[in-house]
Amino acid sequence: MLHDARRRPCSRTVTDATVHLAKVRAVTDPPPHILRSDALDNRERILGAARALFAAEGLDVPMREIARRAGVGPATLYRRFPTKQTLVTEAFEDEMRACYAIVDEGSADPDAWRGFRLVVEKICDLHARNRGFTDAFMAAYPGQVDLAAGRERTLNAVAGPARRATKTGPLRADFVLDDLILMLSAHRGIHATSAAVRIAASRRFAALVIQAFQAVPERSPLTRDAPPASGAPLGNG
1 MLHDARRRPC SRTVTDATVH LAKVRAVTDP PPHILRSDAL DNRERILGAA RALFAAEGLD
61 VPMREIARRA GVGPATLYRR FPTKQTLVTE AFEDEMRACY AIVDEGSADP DAWRGFRLVV
121 EKICDLHARN RGFTDAFMAA YPGQVDLAAG RERTLNAVAG PARRATKTGP LRADFVLDDL
181 ILMLSAHRGI HATSAAVRIA ASRRFAALVI QAFQAVPERS PLTRDAPPAS GAPLGNG
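Take the sequence shown: its position 173, counting from 1, is numbered 173 in the numbering used here, and each next residue is one higher.
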């Protein structure tokens, strides 16, 4: 009995200390959802910085420069993306998700023609901003991402608003989905001396394409935010 009596106070002391430590942790540790939110924010900033730098400078950009542009430490970058290839691949998949989001937004618009125009305009803008990244990724990692499946998903999503826009009149009756592929192929031919000029030329190209797709084209003025991609203004004859 004496032996048991001596053990009980010690047991209570350990238990009390454990409870106290748990209370301290409950007060000082950040809630789990805040950590998840911070991690998600870091991930998005890293991917955004990576996409921008890869598009402007190619895939040889140092990981430390990506971390600096994203506003995180190298340790945070490597914790989320242990290798350069992991980051490059995830950034490209993020690019594809951005494309899918544009198509889904256009498909959800109750005005089929407006949704169709949105898809043309925003996809052209996305490609104009990040074309360098796409080209570099495909050259460095051929076959890493199933582009055929991505194209099929995009075309299937656009098919709905395209059919509705054809029935209601704004979209020309002889439009086929292959016309979008032709349009994107032509859009890749835009070359410019700077990103700003390329984006401006892309917007003008999209406006021309939309007019060409209309059953009765609206001859609204085209945007002239910057000189032509060639840098040389056209004469009058």
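Cβ coordinates follow ideal geometry from the N, Cα and C atoms, glycine included.
Fair warning: this is a prediction, and the values are worked out from it, not measured in the lab.
Assigned with DSSP and collapsed to three states, glutamine 214 falls in strand.
Taking a contact as a CB-CB distance under 8 Å, the pair glycine 189 and glycine 132 does not count as one, their CB atoms being some 14 Å apart. Looking at the DSSP output, leucine 171 shares a beta bridge with Gln214.
Look at the beta carbons and you see the region 115-125 not touching the region 65-72: under three pairs across the two are nearer than 8 Å.
Relative to the Cα of glutamate 90, the nearest Cα in the group Gly48, Pro110, Ala112 and Asp109 belongs to Gly48. Judged by DSSP in its simplified three-state form, serine 107 adopts helix. Closest in C-alpha terms to alanine 128, from the list Ala39, Thr168, Ala206 and Asp178, comes Ala206. The C-beta of proline 74 has fewer than 16 other C-beta atoms within 10 Å across all chains shown, which makes the residue exposed. Secondary structure at proline 74: helix, using DSSP grouped into helix, strand and coil. DSSP, read as helix, strand or coil, puts glutamine 144 in coil. Just so you know, the alpha carbons of valine 209 and valine 158 end up roughly 16 Å apart.
Distance from the CA atom of leucine 53 to the CA atom of glutamate 93, rounded to whole angstroms, is 16 Å. When C-beta atoms of the region 165-174 are compared with those of the region 211-219, three or more pairs fall below 8 Å, so the two segments count as touching. Sixteen is the threshold: when 16 or more other Cβ atoms of the shown chains lie within 10 Å of the Cβ of serine 202, as they do, the residue is buried. In the three-state reduction of the DSSP assignment, arginine 188 falls in the coil class. Between the C-alpha atoms of tyrosine 100 and aspartate 174 there is a straight-line separation of about 25 Å. Straight-line spacing of the CA atoms in alanine 70 and aspartate 178 works out to 38 Å. Aspartate 41 carries a helical assignment under DSSP once its states are collapsed to helix, strand and coil.
Residues Leu177 of the same chain have their beta carbon placed closer than 6 Å to that of leucine 155, with the five preceding and five following residues left out of the count. C-alpha of alanine 192 to C-alpha of threonine 86: approximately 30 Å in a straight line. Serine 202 sits in a helix when the DSSP states are folded into three classes.
Cβ contact annotation for aspartate 109 (same chain, cutoff 6 Å, sequence separation greater than five): Gly115, in chain order. Distance from the CA of alanine 112 to the CA of threonine 83, rounded to the nearest whole angstrom, comes to 43 Å.
For serine 107, the closest of Glu95, Val120 and Thr134 by C-alpha to C-alpha distance is Val120.
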